[in-house]
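First the structure, in the form of structure tokens, and then the observations on it.
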Amino acid sequence: RNEDPRFVPISWDEALKTVADRLNALRDKGESHRFGILFGRGWGATDAGLLGDFGKLYGTPNGALNHSSMCSDASKKAKLCADGNYSYSSYDYANTNYLLIFGAGFLESFRPLNNNLQAWGAMRTKAPKTKVTVVDVHMSTTAAAADRMLLTKSGTDGALALAMAHVILTEGLWERKFVGDFIDGINRFKAGEVIDATYSKDDLEKRKQAKADAAAKQAEAEKKGLAEKAKLHADIDSLRTKIEESNDDKVIAELKRKLSELEKKEKNAESLAAAIKTQRAALERETKPTPEPAVGDAIFQEKWTFGLIEWWNAVLKDCTPEWAEKITTISAKDIKTVAREFGSTRPAIALFERGATAHTNGIYNGMAIHALNALVGSFFAKGGLGYQSGTPWGKLSVKPDDF
59 RNEDPRFVPI SWDEALKTVA DRLNALRDKG ESHRFGILFG RGWGATDAGL LGDFGKLYGT
119 PNGALNHSSM CSDASKKAKL CADGNYSYSS YDYANTNYLL IFGAGFLESF RPLNNNLQAW
179 GAMRTKAPKT KVTVVDVHMS TTAAAADRML LTKSGTDGAL ALAMAHVILT EGLWERKFVG
239 DFIDGINRFK AGEVIDATYS KDDLEKRKQA KADAAAKQAE AEKKGLAEKA KLHADIDSLR
299 TKIEESNDDK VIAELKRKLS ELEKKEKNAE SLAAAIKTQR AALERETKPT PEPAVGDAIF
359 QEKWTFGLIE WWNAVLKDCT PEWAEKITTI SAKDIKTVAR EFGSTRPAIA LFERGATAHT
419 NGIYNGMAIH ALNALVGSFF AKGGLGYQSG TPWGKLSVKP DDF
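In this text, residue positions in the sequence shown follow the numbering used here: the first is 59, and each later residue adds one.
What follows is the structure in structure tokens.
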């Protein structure tokens, strides 16, 4: 400090020799592992890729120490653990109707910024307008431009995401075409209650009784419908008889008015019955017969997700909005509102970055947030998210394994 470093210009040959001499001296002492290369963002085999191979050739495991530990490492690892994609995600902003942002400066620094600015204009001017909710620890440009901001306690984004998942499941808002459903269509996601993963003998008895009750209820409804139809027909016949027997014009006019109303009612009832019969027949033709479940069969048939019931039993059943309120400082009311909006809007995207993942529990935060995309069926869907393709860099001519 306050001293002249006495830098002087030298030639490339002298610079390369200076570095090479120092590296050779270090390796000659058997201390090549003490050499490291620290670099910032690098793209392609000519810089970032070459540095790692250079380190291998020289004999150090520290040949490519980059900035990723304070950048996207936790976010990428969260996705790796959740769906196997150790990379960035691609987002179909142009077609999404709901954008939920956790800890990312979408309009300030989230990659790729130029594209984000253009996408924002498209999202916020299209019809329907994309609704945006921002979760962050401070007011930002993005939060100020959003429809709603949830001010959360630092590092608690995962608790918020878990509570949202809890609401989506208990209120039956999940995307069944992607996630799957209970075999009998009955939502068993109840706060605090464990769900048996397979059918028990008691479950089958209850199912059998429920089907019997439903059949009895339908039979009773059909019986009631036939009785009402018979009564209506009898009332019409009675009015017709009275009209024939009456000689009073005023009485006849009133009877005809009532008759017209009843005949119209009868016609509407017949039309409705015919439509219901046609729809029921079509449904029966399209519905594939499903075998009755047996003891030990899965009670929830998953499609593109894995382990939902286990996740519910181990974690989600107790993650109520009230539970999350104590952790995040966000009110349970606001948590429910955002969860319902996100869960009922298609398509929707939940994205996250360092604000949510730069913590000791960051990977878990990211996994919980990323799971919201699965619950609403946004993976590889129009208006959802997918995998960002990497650039197919050319292979290096140098092969470290040959040395």
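Even glycine gets a Cβ: it sits at the ideal position worked out from N, Cα and C.
Status (buried if at least 16 other CB within 10 Å, exposed otherwise) for D141: buried
Length at least 4, wholly inside the stretch 212-244: the alpha helix (DSSP H) runs in chain order: Fully enclosed alpha helix (DSSP H) runs of 4 or longer: 215-228 and 234-237.
beta-carbon S212 near the ligand ATP non-hydrogen atom, thresh 7 Å: The ligand content of the structure shown is nil, which means the ligand ATP is not present either.
In DSSP terms, what Y149 is bridged to: Beta-bridge partners assigned by DSSP to Y149: L443.
Limits of the alpha helix (DSSP H) - the one that R265 falls within: K259 to E303
Inter-residue Cα distance where the pair is V373 and E263: 29 Å
Pairwise C-alpha distance: G444 and F160: C-alpha separation (whole angstroms): 18 Å.
Alpha-carbon to alpha-carbon, H417 and S147: 21 Å
Cβ-based neighbour list, Q446, same chain, cut-off 8 Å, excluding 5 preceding and 5 following: S145, Y146, S147 and S148
Same chain only: Cβ atoms within 8 Å of D293, ignoring 5 sequence neighbours per side: L320
Which of helix, strand or coil DSSP assigns to L138: helix
Euclidean distance between Cα positions of H224 and H196: 26 Å
As assigned by DSSP and simplified to three states, the class of T256: strand
Rounded straight-line distance, which links the Cα of T183 to that of L341: 40 Å
Close-in-space but distant-in-sequence residues of the same chain around W370 (CB under 8 Å, 5 per side omitted): L227, F247 and I253
Sub-8 Å separation of D215 and F410 beta-carbons: yes
Nearest-angstrom Cβ-Cβ length linking A122 and G413, presumed shorter than 8 Å: Between G413 and A122 the Cβ distance is about 27 Å, and since that is not below 8 Å, they are no contact.
Any C-beta of chain D under 8 Å from that of A202: Judged by its chain identifiers, the structure shown contains no chain D, having just a single protein chain.
Runs of beta strand (DSSP E) lying entirely within the stretch 351-397, each at least 3 residues, in chain order: 358-360
Where F410 falls: helix, strand or coil (DSSP): strand
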